[in-house]
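S.K.: Could you have a look at this structure, given as structure tokens, before my questions?
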Amino acid sequence: MDTKQHIAIFTTASLPWLTGTAVNPLFRAAYLAKDGARKVTLVIPWLKLKDQEHVYPTTSHLIHQRNKKNMFFSGLKKGLDLDQVLLYVSIQEESILALGDITEVIPDEEADIAVLEEPEHLTWYHHGKRWKLKFRLVIGVVHTNYLEYVRREKNGQLQAFLLKYVNAWVVNIYCHRVIRLSAATQDLPRSVVCNVHGVNPRFLDIGMKKREQQENGDQPFSKGAYYIGKMIWSKGYKELLKLLGDNQKKLTGLEIDLYGSGEDSGQVEEAAKKLEITVRVHPGRDHGDPLFHDYKVFLNPSTTDVVCTTTAEALAMGKIVVCANHPSNEFFKQFPNCRTYEDDEGFVKETLKALEDQPAPLTDAQRHELSWEAATERFLESAQLENVVRKVAKVPSSKIVMSKSLSLKRNLEDASALESSYVNSSDLLIFVYWGLEDLVI
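287 is the number that UniProt numbering gives to position 287 of the sequence shown; each next residue is one higher, with no gaps.
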């Protein structure tokens, strides 16, 4: 009899889209399956060709034939050592949205534990069997600070007010436990705050080489400051260019390179040209590209992230990071190379000091804290998976004893879930949702 936990991880994005919500669940699945103690299934969205063109970075990644699709996901499964990689049909409507009841992807006899990566996103428009009825345990992992993005849109305060309650409502209905990556996200029922993400091991390998260079007395960093991120104003570019513009007299001689692609690239480049200091704008590239290895300082003023993946990667590569004193950066404060600021004066001070200083070499303990091994340990503890015993048989109905209070609670949740299915189709939620049109999910 199979006594392993069966974990199904549902995502809102997938490769070749290199967004955090595509990459991080992949690593979570791989590391949960690594020791063979659990059966792990990754469930990812599948987009039709016309929708892929709007999402994926280049047409060379487009997959439009069934045999190519099977080959792609067979390779993905093999590379990550997962039990299964399954697809659910989705559409691209300013974001990736599921079509139909995606719980059906997992057979009832295999339904055990579900991990919803972005639970609010996956349940805004959920139609079908209630997650808590299908799975014995449902864990939500909150990736995105939707309220902060919505506040920046037209009628943002009203939209954020409505969305806050919609999020709390659907998460309460569909999740037993919730993990928020940082306190930058809204408070949700039965939630804990814990960063359960790590960095790709290759960034730690880069950092190790830099540490070896430092130990040998070599100069490992020959370049100055940079920033990388999708080039839309809400991803930190607005804050960064304002800080540079308001303080350019104090930052005389500073040169910074910006790397990113997005719908606001032209506007960002025009704004950068108006500054007296040198700001070079480049197309987006993989953060692990050798081009970035020799930069010493990563400037990241963004406050819309929950836990910024590129900040973690920069620290793993041994760089100094200058970022805002914000809940999204709380996890990074434990590292000596993380420098935070409160205001313009602090930004100028920390930036200039970072350019003068040499980064502190990462210790083995600090490297571990950034790794996916440590992130998986934190996930297991926060989700309390080690305390969950695998179900071995269906209990005969004659032996089921349910208290009246538990029965009443379930009935109320069933009614709320039914009501949610109607509201999810209403103009109210659509009105709130379309405020997210500039968001990368």
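Where a beta carbon is used, it is the ideal one built from N, C-alpha and C, also for glycine.
Going by C-alpha to C-alpha distance, which of 198, 156, 121, 46 sits closest to residue 31?
M.R.: Checked all of 198, 156, 121, 46; the closest Cα to residue 31 is 198.
S.K.: Relative to the C-alpha of residue 117, which residue among 155, 160, 186, 25 is closest?
M.R.: When only C-alpha atoms are compared, the closest one is 25.
S.K.: Run through DSSP, which three-state label would residue 371 get?
M.R.: Coil.
S.K.: Return the residue from the list 21, 19, 110, 101 that minimises the CA-CA distance to residue 41.
M.R.: Ranking 21, 19, 110, 101 by Cα distance to residue 41 puts 110 first.
S.K.: Considering residue 5, what are the terminal residues of the beta strand (DSSP E) in which it resides?
M.R.: Run containing residue 5: 5-10, per the beta strand (DSSP E) assignment.
S.K.: Just how far apart, CA to CA, sit residue 87 and residue 44?
M.R.: If I take the Cα positions, the gap works out to 5 angstroms.
S.K.: Contact between the region 118-137 and the region 366-378 is defined here as three or more beta-carbon pairs at a separation below 8 angstroms; is this criterion met?
M.R.: With the cut-off at 8 angstroms, the region 118-137 and the region 366-378 do not touch.
S.K.: Is residue 40 helix, strand or coil by DSSP?
M.R.: It is a strand residue.
S.K.: Between residue 256 and residue 227, which are expected to be in contact by the criterion C-beta below 8 angstroms, what is the C-beta distance as a whole number of angstroms?
M.R.: Between residue 227 and residue 256 the Cβ distance is about 7 angstroms, and since that is below 8 angstroms, they are a contact.
S.K.: Using DSSP bridges, identify the partner residues of residue 292.
M.R.: Residue 292 is not bridged to any residue.
S.K.: Could you tell me how far apart the beta carbons of residue 300 and residue 310 are, in whole angstroms, since I believe they sit closer than 8 angstroms?
M.R.: 7 angstroms between Cβ atoms; contact.
S.K.: Assign residue 148 to buried or exposed, taking buried as 16 or more other Cβ atoms, counted over all protein chains shown, within 10 Å of its Cβ.
M.R.: It counts as buried.
S.K.: If you reduce the DSSP assignment to three classes, tell me which class residue 224 lands in.
M.R.: It is a strand residue.
S.K.: In this structure, how does DSSP classify residue 282 when only helix, strand and coil are distinguished?
M.R.: DSSP places residue 282 in strand when its eight states are reduced to three.
S.K.: When DSSP builds the beta bridges, which residues end up paired with residue 298?
M.R.: 226, 321, per the DSSP bridge assignment.
S.K.: For residue 285, which option in 295, 259, 277 has the closest C-alpha, if you only look at C-alpha atoms?
M.R.: Here the closest residue by C-alpha is 259.
S.K.: Give the range of the beta strand (DSSP E) segment to which residue 109 is assigned.
M.R.: Premise fails: residue 109 is in no beta strand (DSSP E) and is neither H nor E.
S.K.: Name the one or two DSSP bridge partners that residue 257 has.
M.R.: Bridge partners of residue 257: 226, 280.
S.K.: Under 7 angstroms Cβ to Cβ from residue 287, same chain only, skipping five residues before and after it: list those, please.
M.R.: So the list reads 228, 310, 313, once near-sequence residues are dropped.
S.K.: Work out the CA separation of residue 272 and residue 304 for me, nearest whole Å.
M.R.: One C-alpha to the other measures close to 21 angstroms.
S.K.: Whole angstroms is fine: what's the gap from residue 200's alpha carbon to residue 156's?
M.R.: Each residue's alpha carbon lies about 35 angstroms from the other.
S.K.: Residue ranges of each beta strand (DSSP E) run of no fewer than 3 residues wholly in the region 190-219, ordered along the chain?
M.R.: Listed in chain order, they are 191-193.
S.K.: Tell me which same chain residues have a C-beta within less than 6 angstroms of the C-beta of residue 139, skipping the five on either side of it?
M.R.: These residues qualify, in order along the chain: 115, 177, 383.
S.K.: Alpha carbon to alpha carbon, what distance is there between residue 251 and residue 36?
M.R.: So the alpha carbons of these two residues sit roughly 53 angstroms apart.
S.K.: Run through DSSP, which three-state label would residue 391 get?
M.R.: Because residue 391 carries a pLDDT of 49, less than 50, the predicted location of this residue cannot be relied on, and the following value inherits that uncertainty. Coil.
S.K.: Given a cut-off of 8 angstroms, decide if residue 282 and residue 206 are closer than it, judged by their beta-carbon atoms.
M.R.: For residue 206 and residue 282, no; Cβs fall outside 8 angstroms.
S.K.: Using the three-state DSSP reduction, which class does residue 84 fall into: helix, strand or coil?
M.R.: Here residue 84 sits in strand by DSSP.
S.K.: Assign residue 183 to buried or exposed, taking buried as 16 or more other Cβ atoms, counted over all protein chains shown, within 10 Å of its Cβ.
M.R.: Exposed.
S.K.: Compute the Euclidean distance between the alpha carbons of residue 355 and residue 319, then round it to the nearest angstrom.
M.R.: Rounded to whole angstroms, residue 355 to residue 319 spans 11 angstroms at the Cα level.
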